[in-house]
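What follows is a set of notes on a single structure, which appears directly below.
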Amino acid sequence: IVIIGGGAVGSGILLDATLRGYKAILLEKNDFASGASSKSSKFIHGEVRYLEKAIKGFDKAQYDLVKEGLIERHIFLKNASIISKKIKINIPSFSYINLFYTWIGLVIYKLIAAKKNIGNNSFVNKVLSSLYFPNLKKEKLKGCLSFYDGSFLDSKMLIALLQTAISKGAIAKNYCEVFEFLYYENKKISGLKYFDKIENKTCEINCSCIINATGANVDNIRALDDKDAQEILALSSGIHIVVSKDFLFSDEALLIPNTSDGRIVFILPYLNHCLIGTTDNKCEYDENIKAKDEEIVYLLDEVNKYFVKPLEKKHILSSWSGIRPLIKNDNKNKTEQIVREHSINISKNGLVSIAGGKWTTYRKMAEDMMDFLLDKNYLEKRKA
Numbered sequence: 002i003v004i005i006g007g008g009a010v011g012s013g014i015l016l017d018a019t020l021r022g023y024k025a026i027l028l029e030k031n032d033f034a035s036g037a038s039s040k041s042s043k044f045i046h047g048e049v050r051y052l053e054k055a056i057k058g059f060d061k062a063q064y065d066l067v068k069e070g071l072i073e074r075h076i077f078l079k080n081a082s083i084i085s086k087k088i089k090i091n092i093p094s095f096s097y098i099n100l101f102y103t104w105i106g107l108v109i110y111k112l113i114a115a116k117k118n119i120g121n122n123s124f125v126n127k128v129l130s131s132l133y134f135p136n137l138k139k140e141k142l143k144g145c146l147s148f149y150d151g152s153f154l155d156s157k158m159l160i161a162l163l164q165t166a167i168s169k170g171a172i173a174k175n176y177c178e179v180f181e182f183l184y185y186e187n188k189k190i191s192g193l194k195y196f197d198k199i200e201n202k203t204c205e206i207n208c209s210c211i212i213n214a215t216g217a218n219v220d221n222i223r224a225l226d227d228k229d230a231q232e233i234l235a236l237s238s239g240i241h242i243v244v245s246k247d248f249l250f251s252d253e254a255l256l257i258p259n260t261s262d263g264r265i266v267f268i269l270p271y272l273n274h275c276l277i278g279t280t281d282n283k284c285e286y287d288e289n290i291k292a293k294d295e296e297i298v299y300l301l302d303e304v305n306k307y308f309v310k311p312l313e314k315k316h317i318l319s320s321w322s323g324i325r326p327l328i329k330n331d332n333k334n335k336t337e338q339i340v341r342e343h344s345i346n347i348s349k350n351g352l353v354s355i356a357g358g359k360w361t362t363y364r365k366m367a368e369d370m371m372d373f374l375l376d377k378n379y380l381e382k383r384k385a
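Heads up: the sequence shown runs through residues 2 to 385, numbered per the working numbering.
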């Protein structure tokens, strides 16, 4: 099996395939986790914001995504206990109505998790909230509701997945760019050619199956196989900024639920600093995407509504932007409305592509991909 893409999904598939007894190789054109997989919000979660949309819109797809995320959160924290941990997330409320609705939502979130719940919800009043978060504005503050989700170091997790797969016999190569597919006489894919940037040479591989797990680059790889292939992705940029930990004054996270455009913003401790994100804007594919000035201004404006000491651009220590590979939905006008589910697509020539998803569900995506290949007889069943 050849897997194109050294991000969360590709690395997960490499490990799953290897543990099932298959010979697998992963090719990444840049460095491992150099795309969106190292530019996440560092959360392992069931998506609280999707729960709100599921309830308000009676949307079962959103509900199912929340449930799947909570199940995978439990597995993630168990499997990667050294790299991940649970984190307390606080939601400040400035009206009793919002406080009530938020409490109801968190109770439902906990009920969906059931036995896989990782911590009890709680409430602290205005006085205690001010002690825990001294930079939080006190005017009209009623208190903070809290719940638990998971947090992790994304790039470290990805390297751990690759190291585990390699220890079981897999091969993972970075700086190897796929530029051409090979075909049998019946036009079905038989292999590929790639350029090894380190060895400075072109290589050729013949294989049983090729998996396109390139995240935001999925449609470009599909076009390499079939120039008439219809796009399946709606790309969205999400930026994060890093500031001094003094801005948060806590080892717990904050979630701001009421931004000007209905999104949510997280503020969390990160490597002895403070990480703030994220945006959700339509974008085009860009291999070296960077945080735009207007996106940074948006985050600063939204955050400053809730804090006494305002943040300015000069306080930003670092920033980055990642591209979310959302499954295209013509009925959704904004990318933040699109459910982050995943799908598997097979081209007429036999290229298998997996798109969508998020870090929390990387394991489930890998499992679904391997089960799919076996169900469609792309692979022979083997004993691990």
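Ideal Cβ positions, reconstructed from N, Cα and C, are used throughout, including at glycine. Everything numeric in this text was worked out from a predicted model, so none of it was measured.
With a 10 Å radius around its C-beta and 16 neighbouring C-beta atoms as the bar for buried, classify residue i as buried or exposed.
i: D17; result: buried
i: A224; result: exposed
i: E53; result: buried
i: V108; result: exposed
i: P311; result: exposed
i: K315; result: exposed
i: K139; result: exposed
i: A115; result: exposed
i: R325; result: buried
i: S296; result: Checking the sequence, you will find Glu at residue 296 rather than Ser. By the 10 Å Cβ count, E296 comes out buried.
i: D220; result: buried
i: Y23; result: buried
i: E48; result: buried
i: V353; result: buried
By Cβ distance below 6 Å, which residues in the same chain neighbour residue i in space, the five residues on each side in sequence not counted?
i: K127; result: L142, G144
i: H343; result: G357, G358, M366
i: A166; result: L15, L16, T19
i: V125; result: G144, C145
i: C284; result: L236, S238
Using a Cβ-Cβ cut-off of 8 Å (strictly less than) and excluding sequence neighbours within five positions of residue i, which residues of its own chain qualify?
i: N207; result: L183, S191, G192
i: K86; result: L78, G151, S152, F153
i: S209; result: I2, Y379, L380
i: S94; result: L100, T103, L142, K143, G144, C145, L146
i: F196; result: C177, E178, F180, K202, T203, C204
i: N289; result: none
Leaving out five residues before and five after residue i in sequence, what residues of the same chain have Cβ atoms less than 7 Å from its Cβ?
i: D227; result: S348, K349, N350
i: Q63; result: Y51, K54, A55, V340
i: K382; result: L375
i: T215; result: I5, G6, I222
So if DSSP puts residue i in a beta bridge, which residue, or which two residues, is it bridged to?
i: C275; result: V244, P270
i: I355; result: I345
i: F44; result: S152
i: G239; result: G323
i: A254; result: I90
i: T203; result: F196
i: I56; result: Note: I56 sits in no beta bridge, so no partner.
Can you give the beta carbon distance from residue i to residue j, rounded, assuming they're within the 8 Å contact cut?
i: T361; j: G70; result: 5 Å
i: V244; j: L318; result: 6 Å
i: P270; j: D252; result: 5 Å
i: G239; j: S156; result: Not quite, the Cβ-Cβ distance comes to about 16 Å (not below 8 Å), so this is no contact.
i: A25; j: A171; result: 5 Å
i: V309; j: I277; result: Not confirmed; about 16 Å, so no contact.
i: K89; j: Y149; result: 6 Å
i: M371; j: I345; result: Their Cβ separation, rounded to whole angstroms, is 11 Å, which puts M371 and I345 out of contact at 8 Å.
i: L27; j: S12; result: 7 Å
At a threshold of 8 Å, does residue i count as lining the ligand MG (C-beta to nearest heavy atom)?
i: K349; result: Looking for the ligand MG in the displayed structure turns up nothing, as the structure carries no ligands at all.
Mind pulling the beta strand (DSSP E) runs of 3 or more residues that sit fully within the segment 279-338? Runs found: 319-328.
Pick out the complete alpha helix (DSSP H) segments inside the segment 85-141, 4 residues or longer, and give them in chain order. If we require 4 residues or more, the alpha helix (DSSP H) runs fully inside the segment 85-141 come out as 97-114, 127-133.
What runs of the beta strand (DSSP E), each 3 residues or longer, lie entirely inside the segment 129-199? 144-153, 172-175, 177-184, 190-197, all fully within the segment 129-199.
Completely contained alpha helix (DSSP H) runs for the segment 204-233, where each covers 4 or more residues: Segments of the alpha helix (DSSP H) lying fully in the segment 204-233: 219-226.
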